[in-house]
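Here is the structure we will look at.
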Amino acid sequence: MGLKFEDVLIESLPYIRDFSESVMVIKVGGNAMMGPEAAANLMEEIIQDIVLLHFVGIKTVVVHGGGPEINEKMEKMGKQPKFIGGLRVTDDDTLEIATMVLVGNINTKMVSLINRFGGKGVGLNGVDANLIMAKKKKSQKIVVDGNEEDVDIGWVGETEIINPKILKIMIEDGYIPVISPVATDKKGHMLNINADTVAGDVAAALGAKKLIMMTDISGVLRDVKDKTSRISKIELSEIDGFIDDKIITGGMIPKIRGAEVAVKSGVEGVHIINGSSPHSLLLELFTDIGVGTMIYKKDENEKEAEE
Ligand SMILES: Nc1ncnc2c1ncn2[C@@H]1O[C@H](COP(=O)(O)OP(=O)(O)OP(=O)(O)O)[C@@H](O)[C@H]1O
Ligand SMILES: [Mg+2]
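First residue of the sequence shown: 1, per full-length UniProt numbering; consecutive thereafter.
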């Protein structure tokens, strides 16, 4: 079919007009940037798109993960990565590796790329200006041989308070904040927080217009093995059922929960998209094509109409 360049630009006009000056949180998954399937220059492409959003007037806040690289470093040290309910079991060594990879390596790389494309990136983590005050997550319930057991998942945090002021100052002044998902508890102990949890909480605290979660899969699939089974829209009331029925498992659990927090707080659009597919971010935001899964809240009128 082949749309002409000028047609594509014109198609994007209403979106650019609506989004200009609005706040968007973009969560870039570790898998999207550097999973086994990811192209070598994928991180560059994603950052280039993010810088483009900035220059069309969108106040962009980035949150990143780092799953595959943390796994790789753990395996090099002879440690086997373990997840419960999609959360990484984090002992002392794992915490150190995760912090090094996230803050030291990935964050710095992303900020440097933003700068290379002409933006002004600033690296942050939850500790900076008390951005995220966290507490250690309670033990998680798992089922072993039919019996429920409580397991401590280690230094995994959950957000208690977000202080978004530092982010507001930065985006008002034209900086692009890039957040690593680590924080401390009240006593100053480091905690590893799932990046999707942070993204949902930050989007909520900023009253963002949109939260885009870029991952390594084309959205929520009814059957993870079947690429054609994408669910294009999920209403808040469906989430628990999808988790109970084990349609949503692993890393998709904290992702959908992060999305849920954002939608409940009034974020208009939360989209889970495939970051490893080229320029999926631009397609989702600036064209009529919906490329992933949208999480939304039915409004009261719709509910009444159905009853
Ligand atoms: N119903 C589902 N649909 C799609 N993916 C699912 C589903 N259930 C589980 N998943 C898994 O969730 C994964 C995405 O979450 P994952 O935590 O691995 O990536 P990420 O959050 O993008 O990266 P990071 O954790 O590094 O930030 C998919 O690769 C898939 O294996
Ligand atoms: Mg994840």
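Even for Gly, the Cβ is constructed at its ideal location relative to N, Cα and C. Computed from a predicted model, the values in this text were never measured in an experiment.
For residue i, which beta-bridge partners are listed by DSSP?
i	result
Asp18	DSSP output for Asp18 lists no bridge partner at all.
Arg273	Position check: residue 273 holds Ile in this sequence, whereas Arg was assumed. Note: Ile273 sits in a beta bridge opposite Met214.
Asp150	Lys141
Asn192	Val156 and Val182
Lys27	Val63 and Met213
Met294	Lys233 and His271
Ile162	Ile132
Pro177	Val122
Between residue i and ligand 3, is there a pair consisting of the residue's CB and a ligand heavy atom that are separated by less than 7 Å?
i	result
Asn41	As for ligand 3, it is missing from this structure, which binds only ligand 1 and ligand 2.
Which whole-angstrom value is the C-beta distance of residue i and residue j, which I expect to be below 8 Å?
i	j	result
Leu102	Trp155	Not a contact, Cβ separation roughly 13 Å.
residue 313	Ile193	This structure does not reach residue 313, given that the chain is present from 1 up to 307, and the question cannot be answered.
Ser139	Asp152	5 Å
Val69	Ile106	For the sequence presented, residue 69 should be read as Glu rather than Val. Going by Cβ atoms, the distance from Glu69 to Ile106 rounds to 7 Å, so yes, they are a contact pair.
Ser232	Gly290	6 Å
Ala195	His64	6 Å
Val62	Leu206	Not a contact, Cβ separation roughly 12 Å.
Ile243	Val263	At roughly 16 Å, the Cβ-Cβ gap does not stay under 8 Å, so Ile243 and Val263 are not in contact.
Gly67	Gly30	4 Å
Lys246	Thr215	No, Lys246 and Thr215 are not in contact; Cβ-Cβ is about 19 Å, not under 8 Å.
Gly219	Gly275	Actually they are not in contact, since the Cβ atoms of Gly219 and Gly275 sit about 11 Å apart, beyond 8 Å.
Ile16	Val56	5 Å
Met190	Thr99	6 Å
Lys141	Glu148	5 Å
Ala204	Val267	7 Å
Beta-carbon of residue i versus every beta-carbon of chain C: anything under 8 Å?
i	result
Thr184	The chain labelled as chain C is not found in the depicted structure, where only one protein chain is given.
Run through the segment 58 to 138 for me and flag every whole beta strand (DSSP E) of 3 or more residues, listed as ranges in chain order. 59 to 64, 121 to 125 and 132 to 136
Does the pairing of the segment 204 to 214 with the segment 266 to 274 give three or more beta-carbon distances under 8 Å? yes
Assess contact between the segment 168 to 177 and the segment 112 to 120, defined as three or more Cβ pairs (one per stretch) separated by less than 8 Å. Is contact present? yes
Any chance you could list the beta strand (DSSP E) runs of at least 3 consecutive residues sitting entirely within the segment 222 to 255, in chain order? 233 to 235
Using 8 Å as the cut-off, can you tell me whether the segment 76 to 84 makes contact with the segment 49 to 61, which would need three or more C-beta pairs spanning the two stretches below that distance? no
Among all residues, which have a Cβ less than 6 Å from at least one non-hydrogen atom of ligand 1, and in what chain order do they fall? Residue list for ligand 1: Gly29, Gly30, Asn31, Ala32, Gly65, Gly66, Gly67, Ala195, Asp196, Thr215, Asp216, Ile217, Val220, Leu221, Val224, Ile247, Ile248, Thr249, Gly250, Gly251, Met252 and Lys255 (CB closer than 6 Å to any heavy atom, chain order).
Is it the case that the segment 85 to 96 contacts the segment 22 to 32, given that we only count it when at least three CB pairs across the two stretches are under 8 Å? no
Does the segment 196 to 206 come close enough to the segment 177 to 187 to have 3 or more Cβ pairs within less than 8 Å? yes
For the pair the segment 126 to 139 and the segment 153 to 164, tell me if three or more CB-CB distances fall below 8 Å. The segment 126 to 139, when compared against the segment 153 to 164, does touch it at the 8 Å Cβ threshold.
If contact is defined by three or more beta carbon pairs under 8 Å, each pair taking one atom from either stretch, is the segment 3 to 15 in contact with the segment 277 to 290? Remark: three or more beta-carbon pairs, one from each stretch, lie closer than 8 Å, so the segment 277 to 290 and the segment 3 to 15 are flagged as touching.
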